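K.L.:
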Amino acid sequence: MQGTILVIGASGQIGTELVTALRQKWGDKRVIAADLRPTDQPELLSGPYIQLDTLDRSAVESVIDHYQITEVYQLAALLSATAERHPEKAWDLNMNGLFILLELCRAGKVSKLFWPSSIAVFGPTSPRLLTPQRTIMEPTSVYGISKQAGERWCEYYHLKHGVDVRSLRYPGLIGYRSAPGGGTTDYAVDIFYSAVENDSYTCFLSAGTMLPMMMMEDAIRATIELMETPASSVKIRSSYNLAGMSFTPEMIGQEIRKHQPGFRLDYVPDFRQSLADSWPDSIDDSAARDDWGWKPEYDLARLTEKMLVEIRRKKQASGETSGLHGA
Ligand code: NAD
Ligand code: AKB
4 MQGTILVIGA SGQIGTELVT ALRQKWGDKR VIAADLRPTD QPELLSGPYI
54 QLDTLDRSAV ESVIDHYQIT EVYQLAALLS ATAERHPEKA WDLNMNGLFI
104 LLELCRAGKV SKLFWPSSIA VFGPTSPRLL TPQRTIMEPT SVYGISKQAG
154 ERWCEYYHLK HGVDVRSLRY PGLIGYRSAP GGGTTDYAVD IFYSAVENDS
204 YTCFLSAGTM LPMMMMEDAI RATIELMETP ASSVKIRSSY NLAGMSFTPE
254 MIGQEIRKHQ PGFRLDYVPD FRQSLADSWP DSIDDSAARD DWGWKPEYDL
304 ARLTEKMLVE IRRKKQASGE TSGLHGA
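Just so we're on the same page, our numbering is the position in the sequence shown counted from 1, plus 3.
#1: With a Cβ-Cβ cutoff of 8 Å, do Y76 and V166 count as a contact?
#2: Compute the distance between the beta-carbons of P119 and L81, then report whether it is under 8 Å.
#3: Any residues whose CB sits closer than 6 Å to a heavy atom of ligand 1? List them in chain order?
#4: Could you name the residues that DSSP lists as bridge partners for P272?
#5: Using alpha carbons as the reference points, say which of I223, K318, D95 lies closest to W297.
#6: Smallest Cα separation from G153: which of F117, L132, P135, T138?
#7: Are the Cβ atoms of M248 and L176 separated by less than 8 Å?
#8: According to the Cβ coordinates, are P174 and A246 closer than 8 Å?
#9: Please say whether T19 and L47 have beta carbons closer to each other than 8 Å?
#10: Quick one, are the C-beta atoms of E313 and Y190 less than 8 Å apart?
#11: Buried or exposed: which applies to P299, given that a residue is buried once 16 or more other Cβ atoms fall within 10 Å of its Cβ?
#12: Run through DSSP, which three-state label would L96 get?
#13: Where do the ends of the beta strand (DSSP E) carrying Q77 lie?
#14: Taking just the CA atoms, how far does D68 sit from W156?
#15: Compute the distance between the beta-carbons of D287 and Q136, then report whether it is under 8 Å.
#16: Assign G256 to one of two classes, buried (16 or more other C-beta atoms within 10 Å of its C-beta) or exposed (fewer than that).
Below, the structure written as structure tokens:
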């Protein structure tokens, strides 16, 4: 990679981890982290961090010029649950945030763009099991509609203008370094914090809701691997299906009980249930495997162990820190 990278939406769940991984690879100064919000997170402040509204085209362009940006990761979006509450804002951010970047690529200001899609592009009429790369896609959520439209725009800009845009349909992402924001799959992160803190959890999805999921480390690796693939091998310019594992809340509960036998799981489904019910159970990601060698590393057992160990470690460290402050 030559030049400088800009990550927009850097303070979010994925951004925080992606900035860390990119800085480890390319150095702190070559990765510019940007978000609407200010931050006090040390991992984001290890290199340049700027406050930026991705919907302000001239501000985005100035940043690209100033830092001589060659690659952009556009992560700013409203996720599924928040988008249902704010449809207009979601459409504006999820669409125009992408559109501005596609236009800047077309104008030759940026040479490569990453934009994430989601399993939410599928809907109740898509095949639920091993949902294929190309199939019926009739999303019923505001978020899914915006992601599907975004995919079409990405492919259009590639075919019509030769824009080098790359995308993954992420499943629900699970990590311990950063908190999720406004998604339907967030329960699969919350459950681990609650298990460590309270040995119990009340889930907003029903016990048998099967969804595609992935450990954050796998998702970050997939993102960087896709961006490093030679352009000629990136055959899909809408977005690649990407799979890690599939499980239900009850299945994570059983896995947690292997480490905490007394763990209690209750269910009070809310409006997010209907979003989850419209999404696939599992994903066929053979195109990603064939085109650029994708292979996940984490299964549910490994993910559960890692989440519990790391959250306990974090809790212990913050307890030790607050003890020091209190002394
Ligand atoms: P997040 O909500 O945690 O982070 C989004 C970030 O964007 C936030 O820090 C927010 O402050 C920032 N932002 C919002 N409006 C902005 C604006 N106008 N200008 C600049 N920044 C702005 O989301 P995430 O989980 O990190 O997801 C990132 C991307 O990945 C999104 O496009 C999302 O749809 C996609 N995705 C995420 C998941 C997942 O499980 N986390 C799954 C599928 C797809
Ligand atoms: C959400 O639940 O909204 C996201 C996603 C699957 O896109 N995690």
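Note that CB positions come from ideal geometry on N, CA and C, so glycine has one too.
Remember, predicted model here, so these are calculated numbers, not experimental data.
P.N.:
Reading it off the structure:
#1: no
#2: no
#3: I11, G12, S14, G15, Q16, I17, G18, D38, L39, R40, L55, D56, T57, L58, L78, A79, A80, L82, L96, P119, S121, Y173, G175, L176, P183, G184, G185, G186, T188
#4: DSSP lists no partner for P272.
#5: I223
#6: F117
#7: no
#8: yes
#9: yes
#10: no
#11: buried
#12: helix
#13: 72 to 77
#14: 24 Å
#15: yes
#16: buried
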